[in-house]
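Numbering (this note's numbering), first residue to last: 315 to 366.
Beta carbons are placed, not taken as given, at the ideal position from N, Cα and C, and that holds for glycine.
Because the structure is a prediction, the values reported are computed rather than measured.
Comments concern the structure below.
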Amino acid sequence: MGMAYDELSVFGCLCKVDKCGGPYSMSTMLSHAGGSFLSPTQIAKKVKLFFF
Numbered sequence: 315m316g317m318a319y320d321e322l323s324v325f326g327c328l329c330k331v332d333k334c335g336g337p338y339s340m341s342t343m344l345s346h347a348g349g350s351f352l353s354p355t356q357i358a359k360k361v362k363l364f365f366f
């Protein structure tokens with residue numbers, strides 16, 4: 315799929331626990347949480363891989 319299991323776990327938790335069901339809310343949460351580790355383009359690529 316192009317993502318590690320740890321990344322899939324984070325995306326799954328954001329969907330279920332934090333109720334981030336769409337790409338916009340997911341990218342917003344990831345930019346606040348992982349903004350220091352990933353660039354906005356990397357976050358966008360991972361969100362696109364997960365949803366589309």
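Spatial distance of residue i from residue j (CA atoms)
{"i": "T342", "j": "L322", "result": "17 Å"}
{"i": "K333", "j": "Q356", "result": "22 Å"}
{"i": "K330", "j": "M340", "result": "11 Å"}
{"i": "L352", "j": "D320", "result": "15 Å"}
Under the three-state DSSP convention, the category residue i falls into
{"i": "A347", "result": "helix"}
{"i": "S353", "result": "coil"}
{"i": "C334", "result": "coil"}
{"i": "A358", "result": "helix"}
With 16 other Cβ atoms within 10 Å as the buried cut-off, status of residue i
{"i": "C327", "result": "exposed"}
Contacts around residue i, its chain only, beta-carbon distance under 8 Å, and the 5 residues preceding and following it disregarded
{"i": "M317", "result": "F325, K360, L363, F364"}
Pair within 8 Å by beta-carbon distance, residue i and residue j
{"i": "P354", "j": "S345", "result": "yes"}
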